[in-house]
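In my numbering, the protein residues as written are 2 to 145.
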């Protein structure tokens, strides 16, 4: 039991810390752009980065945020952790994005990070959810 518990707890903490790395804030700093928490909608996510910096940087933020959710869960799968631990690891990455320790707990909405976790946890459900979002976006033209 303890042989599984300690690695599971460590991975969960690491997932939170990984989720706490705000790609929107970091990439905007690197590009010499304003903090997305103080511009546009005030949300440090891909949609707001698109408003501030354009589609290319926003796409990079989106990909990194998806990886933040998927990579820890994929690692948990490879380590053979139980479904409960897989869900906890995904939740930790998501909470890290929402409440990042490295950025005064001011994070984004977590949509892309949650999507990354769901891609690994349930690919078919992810396809259904993304399809629904795409159809809603086509009708409303509203992304967030």
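Glycine residues also receive a C-beta, built at the ideal position from the N, C-alpha and C atoms.
Under 7 Å between C-beta atoms of residue i and residue j
i	j	result
residue 17	residue 70	no
residue 45	residue 21	no
residue 25	residue 50	yes
residue 34	residue 53	yes
residue 13	residue 94	no
residue 113	residue 58	no
Spatial neighbours of residue i in its chain, beta-carbon cut-off 8 Å, leaving aside the 5 residues before and after
i	result
residue 138	144
residue 37	25, 26, 29, 43, 44, 45, 46, 49, 50, 53
residue 135	none
Three-state secondary structure (DSSP) of residue i
i	result
residue 30	helix
residue 80	coil
residue 35	coil
residue 52	helix
residue 175	Outside the modelled stretch of the chain, which goes from 2 to 145, sits residue 175, for which no answer is possible.
residue 22	coil
residue 106	coil
Whole-Å CB distance - residue i paired with residue j, under 8 Å assumed
i	j	result
residue 122	residue 74	6 Å
residue 8	residue 61	That belief does not hold up - the Cβ atoms of residue 8 and residue 61 are roughly 31 Å apart, past 8 Å.
residue 108	residue 99	5 Å
residue 111	residue 91	Going by Cβ atoms, the distance from residue 111 to residue 91 rounds to 11 Å, so no, they are not a contact pair.
7 Å CB neighbourhood of residue i in its chain, flanking five on each side removed
i	result
residue 86	9, 77
Own chain partners of residue i with C-beta closer than 6 Å, once the 5 adjacent residues on each side are dropped
i	result
residue 40	53
residue 88	none
Nearest residue (CA-CA) to residue i, options the options
i	options	result
residue 101	3, 4, 6, 15	15
residue 103	19, 6, 3	19
residue 5	56, 82, 55, 72	82
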